[in-house]
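Each number in our numbering corresponds to the 1-based position in the sequence shown with 16 added.
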Amino acid sequence: MSRLVVVSNRVAPITEGEPTAGGLAAGVMDALRHSGGLWFGWSGQTVPDTLVPPDTLAPGLPPAVARSGPVTLYTTDLTQRDYDDYYRGFANGTLWPVLHYQTGLARFEHGEFEGYRRVNAHFARHLAALVAPDDVIWAHDYHLLCLAESLRAAGLRNRMGLFLHTPFPAPAVLTTVPVHAELVRALCQYDLVGFQTEGDRRAFADYIRHELGGEELPGGVLLAHGRRIRTGVYPIGVQVEALRAEAQAGEPESLAALRAGLGDRALIISVERLDYSKGLRQRFAAYERFLASHAAWHRRVEYVQIAPPSRSDVEAYQAIRRELEGEAGRINGRFAELDWMPLRYLNRGFPRRRLMPLYAAARVGLVTPLRDGMNLVAKEYVAAQDPQDPGVLVLSRFAGAARELDAALLVNPHDEAAVAAALDRALAMPLEERQERHTAMLRVMRRNSLERWRDRFEADLRDLESAAGAA
Ligand code: GDG
């Protein structure tokens with residue numbers, strides 16, 4: 017079987033004997049172990065511009081940083097200027113907000129887009145030296161929209177696929193990015209583009225048809241820029257049984273500490289990177305509304321929000337952090353009693369082995385992003401539940417996960433009163449209804465597992481003939 021070459025912004029460390037942290041990394045690593053191959057990405061290190069002028073970074077083999085059986089990891093450093101333009105600038109200052117429909121938070125600088133292209137080309141130069149002609153290349157996410165274009169420019173005719181972990185926005189939203197045409201032209205150099213939901217795939221096809229005058233053939237094939245691009249929907253999943261086992265294997269001390277703090281109060285849990293797309297501000301407001309309108313729950317619930325800081329050198333992230341700190345204090349100030357804190361806001365990450373038991377102990381999983389490609393936390397919460405006495409998932413209809421988990425209590429995160437009512441309903445839900453909803457969600461999640469996501473994408477990529485993209 018030909019080798020698999022995975023490319024993403026960052027590579028996950030190989031941890032021998034331990035499960036790889038995080039669902040995505042575990043899925044990708046398993047695929048690599050199965051077929052053998054390599055994973056390439058940024059090391060996470062920046063070097064001063066003066067030492068390595070970006071345009072003279074040597075092409076050729078980057079050093080291998082780790083090997084495990086048939087899998088080799090390679091990384092490359094970025095210069096400070098690359099990091100500012102590509103990562104902090106165009107990827108996270110322009111693309112991320114627009115992909116999540118937050119056009120008001122997006123900034124745009126031509127120079128940053130040039131930096132984004134420069135880093136994609138830099139990745140491609142290294143890859144060109146690593147890749148054999150029949151390798152299949154699987155790129156991940158919004159950082160690498162221009163990678164295939166650079167690889168083709170370097171003469172590579174390999175099969176190349178991109179899986180987009182974020183939403184793909186409607187054409188009217190994407191066209192707010194001044195270089196949308198360049199981006200989509202670059203995307204068309206992939207042979208396969210995968211999305212989390214049919215809505216995302218549809219938005220891409222609509223752009224190709226209406227903005228570009230391209231064609232859509234049956235079976236998700238698009239014709240544009242003289243190429244044939246296959247598209248597909250591959251909802252990312254979780255390892256259901258492994259997560260349940262992790263949830264049950266919690267450290268007794270942490271659980272005892274949790275119980276001691278919680279007493280017999282019902283726990284509402286939310287976990288996510290501190291990101292404006294996750295809807296934390298609206299969620300805090302909805303919880304405040306719930307407390308104000310449901311006095312009967314006072315002292316009987318506690319909402320724990322875990323939000324490790326993320327991308328904290330991007331201005332929009334500093335703003336949301338400041339705002340949430342103020343709001344958490346204000347809400348507690350308004351409702352807390354000497355023996356009750358209604359909201360615990362923890363601005364740091366937790367190891368997985370502590371997180372899973374926390375999910376299992378929570379009566380309600382509150383997952384209300386304004387937009388989300390999939391949202392793995394929603395699936396992890398469901399997987400962690402005790403099937404005999406499961407908690408209830410309250411889920412935003414704007415998470416990709418809502419397409420599959422329609423047995424959750426689906427809410428519009430902009431509707432504070434509706435989210436407050438859903439919390440009340442979730443907390444009071446009879447056992448039988450909780451079990452029915454949980455069983456239905458588990459059924460879908462077992463079918464659309466992490467393994468299936470990976471196997472389907474990989475199989476579709478291998479299925480393409482080499483250089484089949486040339487129409
Ligand atoms: C992108 C897309 C898509 C979070 N806090 C902690 C922690 N986490 C883990 C969660 C989960 C992962 O991080 C987050 O995944 P999500 O899917 O929820 O969100 P993004 O980070 O935005 O991921 C998203 C995903 O890619 C995959 O395609 O679903 O839509 O935006 O696994 O558990 N893990 C630990 N401590 C924390 O504090 N250990």
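Every residue, glycine too, gets a C-beta built ideally from N, C-alpha and C.
Bear in mind the structure is a predicted one, so any value in this text is a computation, not a measurement.
Using 6 Å as the cut-off, classify the Cβ of residue i as near or not near the heavy atoms of the ligand GDG, replying yes or no.
i: M390; result: yes
i: E366; result: Looking at the sequence itself, residue 366 is Phe, so the reference to Glu does not match. At least one heavy atom of the ligand GDG is nearer than 6 Å to the Cβ of F366, so yes.
i: H181; result: yes
i: I252; result: yes
i: L178; result: no
i: P29; result: no
i: L278; result: no
i: E231; result: no
i: L199; result: no
i: E474; result: no
i: V287; result: yes
i: E396; result: yes
i: V393; result: yes
i: P429; result: no
i: P403; result: no
i: L466; result: no
i: A382; result: The amino acid occupying residue 382 in the given sequence is Leu; Ala does not appear at that position. False, no ligand heavy atom lies under 6 Å from that Cβ.
i: L477; result: no
i: P324; result: yes
Starting from residue i, trace the alpha helix (DSSP H) in both directions and tell me its first and last residue.
i: M461; result: 447-463
i: V393; result: 392-400
i: A80; result: Careful: A80 lies outside any alpha helix (DSSP H), inside the beta strand (DSSP E) at 80-84.
i: T240; result: A small fix is needed here, since residue 240 is Ala in this sequence, not Thr. Run containing A240: none in the alpha helix (DSSP H); it sits in the beta strand (DSSP E), 237-240.
i: L228; result: No alpha helix (DSSP H) holds L228; DSSP gives it neither H nor E.
i: R201; result: 196-203
Could you check what DSSP says for residue i in three-state terms: helix, strand or coil?
i: D476; result: helix
i: H430; result: coil
i: Q264; result: helix
i: Y319; result: strand
i: G416; result: helix
i: I245; result: strand
i: D98; result: helix
i: R211; result: Reading off the sequence, residue 211 comes out as Phe, not Arg. The answer is strand: DSSP assigns F211 an E or B state.
i: L354; result: coil
i: I336; result: helix
i: Y361; result: strand
i: G389; result: coil
i: V44; result: helix
i: V14; result: No answer is possible for residue 14: the residues shown for the chain start at 17 and end at 487.
i: G407; result: coil
i: Q118; result: coil
i: Y103; result: helix
i: A37; result: Reliability fails at A37, whose pLDDT of 49 lies under 50, so the model's placement of it is uncertain and no value is given.
i: Y375; result: helix
i: T384; result: coil
Span of the beta strand (DSSP E) holding residue i?
i: L233; result: 231-233
i: Q61; result: 53-63
i: S24; result: 20-26
i: F421; result: Before going further, note that residue 421 is Leu rather than Phe in the sequence given. Neither: L421 is in no beta strand (DSSP E) and is coded neither H nor E.
Within 7 Å (strictly less), CB to CB, does residue i reach chain C?
i: V317; result: Structure shown: chain C not included; a single protein chain is present.
- Could you name each continuous beta strand (DSSP E) segment of 3 residues or more that falls completely within the segment 125-194, going from the start of the chain to the end? 152-156, 175-179
- Item | Ordered list of alpha helix (DSSP H) runs contained in the segment 252-308, each at least 4 residues | 256-264, 268-278
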